[in-house]
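Chains as they are written, first to last, in the working numbering: chain A, 339 to 481; chain B, 18 to 147. C-beta: ideal position from N, C-alpha, C; glycine also.
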């Protein structure tokens with residue numbers, strides 16, 4: 339059991355560290371220490387969750403949290419965790435288990451980084467953030 | 018989510034992604050939606066002296082349907098007069114992409130984006146004439 343735990347923790351850390359070191363504005367949802375090992379719930383700012391899932395289609399992941407994976411609503415779990423509403427739709431849940439291999443993690447890292455680049459180049463929010471605009475200050479026109 | 022081939026094509030090869038200079042007099046910018054809703058579209062048009070849309074480009078924060086809808090819209094409005102572009106309805110977009118019912122709102126937002134871009138362009142023309 340402890341071998342599984344070590345294996346899973348190592349791969350989870352690798353995924354998290356590789357992504358956050360190479361790309362800005364990725365946030366971990368929930369406490370870093372007090373969480374079930376193998377669960378990585380990340381918010382990729384300026385990229386909507388479903389478009390991310392489509393971009394990383396070779397990886398089985400879900401948006402929001404497990405309980406809301408079939409729904410389009412942002413997760414009430416993430417909301418309770420204090421995730422900002424601007425980030426509510428940008429979260430992806432990765433699950434790593436005892437059968438996950440390091441090669442798969444390396445593949446995942448590469449795939450995710452490519453997707454982030456592609457989707458941020460498509461994102462008006464990323465563009466505005468790069469221009470130094472505070473997204474919270476904007477009066478959004480909604481229905 | 019089962020998406021149509023056309024939708025997937027627009028998602029994988031989005032058309033006219035980018036930005037125009039919003040300070041230019043003949044550029045209209047429409048920014049609709051909200052991050053808290055998970056959908057934001059920025060649509061820009063460059064209008065020539067004849068009142069025809071010469072260039073159109075977009076950037077979208079949203080799901081596959083939102084990206085596809087806005088990409089399609091840039092193709093639909095290019096070469097049209099402002100009057101004709103105003104006539105584009107969300108149902109045209111939804112039909113072309115075979116949007117699932119739960120994603121129809123993406124086409125509604127895309128239609129709003131067209132109107133917002135045109136309104137912005139027209140406001141700029143009347144500002145300059147004052």
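{"Check": "Straight-line Cα distance separating residue 446 of chain A from residue 352 of chain A", "Outcome": "11 Å"}
{"Check": "Beta-carbon proximity of residue 28 of chain B to residue 94 of chain B, cut-off 7 Å", "Outcome": "no"}
{"Check": "Residue 119 of chain B, DSSP secondary structure in three states", "Outcome": "helix"}
{"Check": "Beta-carbon proximity of residue 48 of chain B to residue 82 of chain B, cut-off 7 Å", "Outcome": "no"}
{"Check": "Residue-chain proximity (residue 419 of chain A, chain B), Cβ-Cβ < 7 Å", "Outcome": "no"}
{"Check": "Among A/349, A/391, A/380, A/375, nearest to residue 449 of chain A - alpha-carbon criterion", "Outcome": "A/391"}
{"Check": "Contacts that residue 384 of chain A makes with chain B (C-beta to C-beta distance below 7 Å)", "Outcome": "78"}
{"Check": "Distance, residue 470 of chain A Cα to residue 59 of chain B Cα", "Outcome": "17 Å"}
{"Check": "Cutoff 7 Å: residue 45 of chain B Cβ touching any chain C Cβ", "Outcome": "No chain C appears in this structure, whose protein chains are A and B."}
{"Check": "Inside the stretch 72-142 of chain B only - alpha helix (DSSP H) runs reaching at least 4 residues", "Outcome": "81-94, 99-103, 107-114"}
{"Check": "Whole-number beta carbon distance between residue 350 of chain A and residue 376 of chain A, since they are thought to touch under 8 Å", "Outcome": "6 Å"}
{"Check": "Limits of the unbroken alpha helix (DSSP H) element including residue 444 of chain A", "Outcome": "440-459"}
{"Check": "Counted within 10 angstroms of its Cβ, other Cβ atoms place residue 481 of chain A as buried (16 or more) or exposed", "Outcome": "Residue placement at residue 481 of chain A cannot be trusted, given a pLDDT of 48 that sits under 50; what the coordinates show is reported in the next sentence. By the neighbour-count rule (16 or more Cβ atoms within 10 Å), residue 481 of chain A is not buried but exposed."}
{"Check": "Cβ of residue 53 of chain B within 7 Å of any chain A Cβ", "Outcome": "yes"}
{"Check": "Segment contact, 8 Å Cβ cut-off, at least three pairs: the stretch 52-71 of chain B with the stretch 119-137 of chain B", "Outcome": "yes"}
{"Check": "Euclidean distance between Cα positions of residue 463 of chain A and residue 52 of chain B", "Outcome": "8 Å"}
{"Check": "Near-chain B residues of the stretch 413-446 of chain A (beta-carbon distance less than 8 Å), N- to C-terminal order", "Outcome": "423, 424, 426, 427"}
{"Check": "Alpha-carbon to alpha-carbon, residue 364 of chain A and residue 474 of chain A", "Outcome": "18 Å"}
{"Check": "Contacting residues, own chain, Cβ-Cβ under 6 Å from residue 133 of chain B (five flanking each side not counted)", "Outcome": "47, 49"}
{"Check": "Identity of the residues DSSP links to residue 63 of chain B by a beta bridge", "Outcome": "B/44, B/72"}
{"Check": "Residue nearest to residue 477 of chain A in terms of C-alpha spacing, selected from B/76, B/57, B/21", "Outcome": "B/57"}
{"Check": "Close beta carbons around residue 354 of chain A, own chain, < 8 Å, minus the five adjacent residues each side", "Outcome": "366, 378, 380"}
{"Check": "For residue 29 of chain B, the first and last residue of its enclosing alpha helix (DSSP H)", "Outcome": "22-29"}
{"Check": "For residue 155 of chain B, the nearest candidate out of B/92, B/22, B/124, B/142 (CA to CA)", "Outcome": "Nothing can be reported for residue 155 of chain B: it is not among the residues displayed for chain B, which extend from 18 to 147."}
{"Check": "Nearest-angstrom beta carbon gap, residue 412 of chain A and residue 393 of chain A [assumed within contact, 8 Å]", "Outcome": "Contact flag wrong, Cβ pair sits at about 19 Å."}
{"Check": "Under the three-state DSSP convention, the category residue 366 of chain A falls into", "Outcome": "strand"}
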